Structure formats: structure tokens, C-alpha cells
Amino acid sequence: MEILRLRFIAGDQPDLPLDVGMHRIGQLPGGGIGRIDGDPIAMLCVDRRGVWLTVGEGRRGVHVNGRPVQRLAMLRRGDTLHIEGAELRLLGGAPVRRPGVGELATPADAAAGLHIVLRAIGGRHHGRSFTLDRPRLVGSHAEADIHIDDPAFAERHARVELVGGEVLLRDLGSADGSIVNGESVRDALLQPGDQVVFDAYHRFVVEAPLGGGSREQALPEVELPLDEDALPRRRPWPLPWLLLTALLIAGLLSLLLLYGAD
249 MEILRLRFIA
259 GDQPDLPLDV
269 GMHRIGQLPG
279 GGIGRIDGDP
289 IAMLCVDRRG
299 VWLTVGEGRR
309 GVHVNGRPVQ
319 RLAMLRRGDT
329 LHIEGAELRL
339 LGGAPVRRPG
349 VGELATPADA
359 AAGLHIVLRA
369 IGGRHHGRSF
379 TLDRPRLVGS
389 HAEADIHIDD
399 PAFAERHARV
409 ELVGGEVLLR
419 DLGSADGSIV
429 NGESVRDALL
439 QPGDQVVFDA
449 YHRFVVEAPL
459 GGGSREQALP
469 EVELPLDEDA
479 LPRRRPWPLP
489 WLLLTALLIA
499 GLLSLLLLYG
509 AD
């Protein structure tokens, strides 16, 4: 299971590894925000389903990606948290994959790109999805597929495209690059579930059908032997009881006819 990390943007605190279990986040005795044992401002629950943020009873000042959280929120890699003014970022356990020279030149597969989308979860395009059947230009240019309406943002910031079965984020000479799963990058190979952030506010998640982006080899079909103990047992047919009941009724009728005739 991937071990995520919580990074404190300000200060000199080391990254906090988030293994499976409950992590209490609150005010440190010397000031600042960190993991504590006492009454927390928020708690992070990590299990195989993901990371869940729970805000302490009566607490305020907890935000995820700029939005206030009243009670509960599910977190993704790359999410930004603000807790009592402190900024933290949830990072993936594995580093973001960088493409090789050959991967940058591999031709795209337009048909496969219809099933892979960039879904906007924050910013101007929130709720929209962009298929990767063709390269998608990100920038402030009027003809950009993913238009960022900010004069300070590069006209041609980056391009997201499908190459050789992989989703490639290709930088086009931007000043600051992009953020993938909380890490600053230029070029990156994206996987389903990865979060990409442009200009700090425009957030997208890569989504694909189950198994669509997997590079694992398919396992051969194996015929398993039958387990006789696991098969449902047939209930015995209640024929003896029916026969006994029929004989008893016949005997009672015979007695009734015999004594009733007198």
C-alpha cells in the first residue's frame, strides 16, 4: 500500500508519513501545526480506501483546496489543506514518473483517448471533462482547449496528450511548470487518479476505465477444482413422512367408517 506524506509548506518541519491509522493534527506546544496526542483540530484517517479528513467538534478554519470543511472530506494526492492558517499538501508516496526521450516522440492513439478524460474538480472549468482523443492545449490563448483566463498565465503553458498508451503532460516553456500530486514538474507521465494543478487554482483529475491504464500482465485463466464441501447439499425428499401421514389418515378414516356405521 502506498504511504502518503503530508508536507508543511512553511517552516522547516519534515514531511509527515501517513501510514494506516488515525493521525491527530493540531497546535504544537511550541507553536505551529503538527501531529499531536491531545485534542486535535482535525484528524486524518488512512485506510485502503484512501485518506479521510475529519474536523474536530466545534472547530473552524479547516479548508481543502480553498473550500471550507465543516465535518468530513475525502482527500486526493495533491490536495492543499489550510488548518488554522498553516498550509499543508498531501503528497503521493511514489515520485511522479518522468517520460524518457523515446516516450515523448511516440505517436498518439486517438481511439483510446476517448475513454481517458481530464475531469476538472476546481477552478473555472469545475465539472467539465476533456477527452484525450486529441492533444489538449492548456494556456491563456483564446484557442486553448483548457483556457486559463489570466493575463499572467502563459498562452501556451502545457499540452496533455496520449502517447503510446500513456497520458503525457508536456511543458511548453512555462515559467513555473505544473503541479502533479503535490510536486512541481515540467513533463510527467500521468496515471488514473493523478491530480494536476495549473496556476494554483485549476485542478484536474485523470480518469480512465478500470484497467485502461494498467501495465500489468493479464493472468491466465485457471480452472479450479470443485470443492465438494462447498457445494450446496440437496435436502432429503420428505417422502417417508408423507407416507406415514397418509397411512395414519387412512387408518383414522377406516375407524370412523367402521364405528360410524353402528
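In my numbering, each residue carries its 1-based index in the sequence shown increased by 248.
Think of the CB as a built atom: it goes at the ideal place given N, C-alpha and C, for glycine as much as any other residue.
Keep in mind the model is a prediction, meaning the values are calculated, not measured.
Check, Outcome
"The beta strand (DSSP E) enclosing VAL310, as first and last residue numbers", "310-312"
"Euclidean distance between Cα positions of ARG403 and LEU266", "Inspection of the sequence shows that residue 403 is occupied by Glu rather than by Arg. Going by the C-alpha atoms only, they are around 38 Å apart."
"Residue of ARG345, GLN261, ALA334 minimising C-alpha distance to ARG434", "ARG345"
"Cβ shell of ASP447 (< 7 Å), same chain only, five flanking positions each side left out", "ILE396, ASP398, PHE401"
"Rounded C-alpha distance that separates LEU504 from LEU491", "20 Å"
"GLY304 - DSSP class collapsed to helix/strand/coil", "coil"
"Exposure of THR457, with buried meaning 16 or more beta-carbon neighbours within 10 Å", "Per the sequence presented here, residue 457 reads as Pro, with Thr not at that position. Label assigned to PRO457: exposed."
"Distance between beta carbons of ASP442 and LEU339, contact taken as under 8 Å", "About 12 Å; that fails the 8 Å criterion."
"Collapsed DSSP secondary structure at LEU362 in the structure displayed", "coil"
"Inter-residue Cα distance where the pair is SER502 and THR493", "14 Å"
"Local Cβ density within 10 Å of ASP327, reported as buried at 16 or more and exposed below that", "buried"
"C-beta contact flag for VAL317 and LEU301 at 8 Å", "yes"
"Backbone CA spacing between HIS363 and HIS311 [nearest angstrom]", "32 Å"
"LEU506 classed as buried or exposed, judged by whether at least 16 other C-beta atoms fall within 10 angstroms", "exposed"
"Endpoints, beta strand (DSSP E) assigned at PRO399", "Element bounds for PRO399: n/a, residue is neither H nor E."
"Member of LEU276, VAL454, VAL411, LEU438 whose CA lies at the smallest distance from the CA of ILE369", "VAL454"
"Ranges of the alpha helix (DSSP H) found wholly within the stretch 395-440, counting only runs of at least 4", "none"
"Candidates GLY333, GLY304, GLU332: closest to ALA321 by CA position", "GLY304"
"Bridge partner(s) assigned by DSSP for ARG345", "LEU437"
"Where the beta strand (DSSP E) containing ALA290 begins and where it ends", "290-295"
"C-beta atoms of GLY274 and GLY286 nearer than 8 Å", "yes"
"Inter-residue Cα distance where the pair is MET270 and ARG307", "18 Å"
"Per DSSP, the bridge partner or partners of GLN275", "ILE281"
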